[in-house]
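**Q** Before I ask anything, here is the structure I am working with.
Residue numbers (the UniProt record's numbering): 1 to 353.
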């Protein structure tokens with residue numbers, strides 16, 4: 001969705017979506033766009049230097065997706081092995097190059113239960129990280145589990161915390177029961193279950209807004225892999241893994257991306273940051289995504305010949321015995337000239353067959 005002074009794009013995840021639920025996923029994305037378009041017309045109040053209109057827009061876009069019971073984030077999240085919900089979320093902000101004090105901002109939460117909208121919790125962490133500590137302590141940019149919940153109770157609105165069981169949707173519960181039974185049967189009979197249909201998608205958004213000095217935004221929110229171990233933190237909460245945004249040196253052009261897929265492989269490759277650091281003003285976005293995803297993310301040869309120099313010690317997924325590492329990327333690029341601003345998006349899904 002775009003206007004004269006803003007641009008926002010959202011995705012519902014690169015994981016498995018049952019064909020019977022396709023219309024529900026599309027409906028959720030349309031509702032998200034409608035919600036964001038309505039908010040764009042409002043004059044949103046600001047309470048701090050970080051409460052920018054576009055940050056509120058992308059936050060509300062993700063909230064809309066988190067509230068949908070058919071997407072793997074917030075209320076629709078996959079259940080852990082013990083039947084509970086634990087969510088991850090992050091926000092990355094690349095401010096106007098002229099505002100160096102607030103460039104490269106990041107905030108995230110991981111493995112949180114009972115937080116209605118994890119993306120709002122991530123925003124609270126991001127905003128808190130910009131406050132000067134009286135004792136000179138370095139503020140956190142990531143908080144997890146009970147520590148994150150305690151922080152949110154003291155730094156967010158009253159409606160943020162809900163009973164953990166309120167985060168379990170009927171659809172998620174039914175899916176958990178089905179696959180938990182299959183898991184127990186497979187363990188009893190020493191048979192592997194096919195993981196292709198285990199929902200592991202992650203929702204996300206990318207945006208920019210001229211009112212913020214052309215700041216760039218990237219966000220991601222996820223309920224994680226179905227039947228994951230409690231306490232597991234996925235790529236959605238890890239710096240450089242699930243989202244990234246940057247301005248190219250010396251100008252307002254730049255990129256932002258939101259990543260979805262197999263969390264552990266995305267974390268190992270620091271995928272979002274790798275994509276961002278590989279992009280240059282003269283590069284072709286599609287070519288960059290192809291090189292990073294195919295030649296690095298799941299290529300056996302890439303580890304020995306990879307020339308970007310960003311993750312020299314990283315192991316491509318197939319070298320670790322992972323037969324089908326998967327990743328999806330929603331990337332936005334912006335190019336400005338004397339009389340125009342051109343924004344483009346790329347959406348790529350890469351699965352090793």
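The beta-carbon is built from N, C-alpha and C at its ideal position, and this holds for glycine as well.
Could you tell me the distance, in whole angstroms, from the CA atom of residue 171 to the CA atom of residue 133?
**A** Going by the C-alpha atoms only, they are around 43 Å apart.
**Q** Would you report the Cα separation of residue 176 and residue 184, rounded to the nearest angstrom?
**A** 12 Å
**Q** Residue 8: buried (16+ other C-beta within 10 angstroms of its C-beta) or exposed?
**A** buried
**Q** So, residue 94 versus residue 107, is the Cβ gap smaller than 8 Å?
**A** no
**Q** Taking the DSSP output, what are the residues bridged to residue 6?
**A** 209
**Q** For the alpha helix (DSSP H) that residue 231 lies in, which residues bound it at each end?
**A** Under the DSSP assignment, residue 231 falls outside any alpha helix (DSSP H); it carries neither an H nor an E label.
**Q** Mind checking whether residue 246 and residue 276 have CB atoms under 8 Å apart?
**A** yes
**Q** State the DSSP-derived secondary structure class of residue 297, mapped to helix, strand or coil.
**A** Here residue 297 carries a helix assignment [DSSP, helix/strand/coil].
**Q** Using alpha carbons as the reference points, say which of 139, 164, 282 and 6 lies closest to residue 128.
**A** 139
**Q** How long is the line joining the alpha carbons of residue 293 and residue 135, rounded to whole angstroms?
**A** Distance between the alpha carbons of residue 293 and residue 135 is about 43 Å.
**Q** Any beta carbon from chain D within less than 8 Å of residue 183's own beta carbon?
**A** In summary, chain D is missing from the structure at hand, where a single protein chain is found.
**Q** How about residue 344 and residue 333: do their beta carbons lie closer than 8 Å?
**A** yes
**Q** Would the region 264-282 and the region 115-130 be scored as touching if the rule is three or more Cβ pairs under 8 Å?
**A** Using a Cβ-Cβ distance cut-off of 8 Å, the region 264-282 and the region 115-130 are not in contact, since fewer than three pairs of beta carbons, one from each stretch, lie closer than that value.
**Q** Name the two residues that bound the continuous beta strand (DSSP E) containing residue 334.
**A** 326-336
**Q** Run the CB neighbour count on residue 243, radius 10 Å, all protein chains shown included, and call it buried at 16 or more, exposed below.
**A** Burial state of residue 243 is buried, judged by a 10 Å Cβ sphere holding 16 or more other Cβ atoms.
**Q** For residue 165, which of 79, 233 and 274 has the nearest alpha-carbon?
**A** 79
**Q** Quick check on residue 270: buried or exposed, where buried means 16 or more other Cβ atoms within 10 Å of its Cβ?
**A** buried
**Q** Would you grab the beta carbon distance between residue 144 and residue 233 for me? Rounded to a whole angstrom, and I think it's under 8 Å.
**A** 6 Å
**Q** Just grab the DSSP bridge partners of residue 160 for me.
**A** Beta-bridge pairing links residue 160 to no other residue.
**Q** Please report how far the alpha carbon of residue 226 lies from the alpha carbon of residue 295, in whole angstroms.
**A** Distance between the alpha carbons of residue 226 and residue 295 is about 29 Å.
**Q** Just verifying my parser: in three-state terms, what is the DSSP assignment at residue 305?
**A** Caution is warranted here: a pLDDT of 40 is assigned to residue 305, below 50, making its placement in the model unreliable, and no coordinate value can be reported.
**Q** Let me know if residue 307 comes out buried or exposed under the rule of 16 or more other beta-carbons within 10 Å of its beta-carbon.
**A** Per-residue confidence for residue 307 stands at a pLDDT of 39, beneath the threshold of 50, marking its modelled position as unreliable; the derived number appears in the next sentence. With fewer than 16 Cβ atoms within 10 Å of its Cβ, residue 307 is classed as exposed.
**Q** Closer than 7 Å by C-beta to residue 122: which residues in its own chain qualify, once you throw out the five before and the five after it? Chain order, please.
**A** 89, 90, 91, 107, 108 and 109
**Q** Exposed or buried, what is residue 74 when buried is set at 16 or more other beta-carbons lying within 10 Å of its beta-carbon?
**A** buried
**Q** Which one of 206, 152 and 331 has the shortest CA to CA distance from residue 274?
**A** The shortest C-alpha to C-alpha distance from residue 274 to any of 206, 152 and 331 is the one to 331.
**Q** Would you kindly report the start and end of the unbroken beta strand (DSSP E) that includes residue 217?
**A** 215-222
**Q** Would you mind giving the Cβ-Cβ distance between residue 160 and residue 152, rounded to the nearest angstrom? I have them listed as a contact below 8 Å.
**A** That belief holds up - the Cβ atoms of residue 160 and residue 152 are roughly 6 Å apart, short of 8 Å.
**Q** Give me, in chain order, the residues of the same chain whose beta-carbon lies closer than 8 Å to that of residue 149; leave out the 5 immediate sequence neighbours on both sides.
**A** 112, 113, 114, 115 and 161
**Q** Identify the continuous alpha helix (DSSP H) that holds residue 76 and give its terminal residues.
**A** Counting along the chain, residue 76 falls outside any alpha helix (DSSP H), and DSSP gives it neither H nor E.
**Q** In chain order, what residues of the same chain lie with their CB nearer than 7 Å to the CB of residue 155, ignoring the 5 residues before and after it?
**A** Beyond the five residues adjoining it in sequence on each side, residue 155 comes within less than 7 Å, by CB distance, of 124 and 128 in the same chain, given in chain order.
**Q** Would you please state the rounded distance, in angstroms, between the beta carbons of residue 253 and residue 281? I believe it to be under 8 Å.
**A** Yes, they are in contact, since the Cβ atoms of residue 253 and residue 281 sit about 6 Å apart, within 8 Å.
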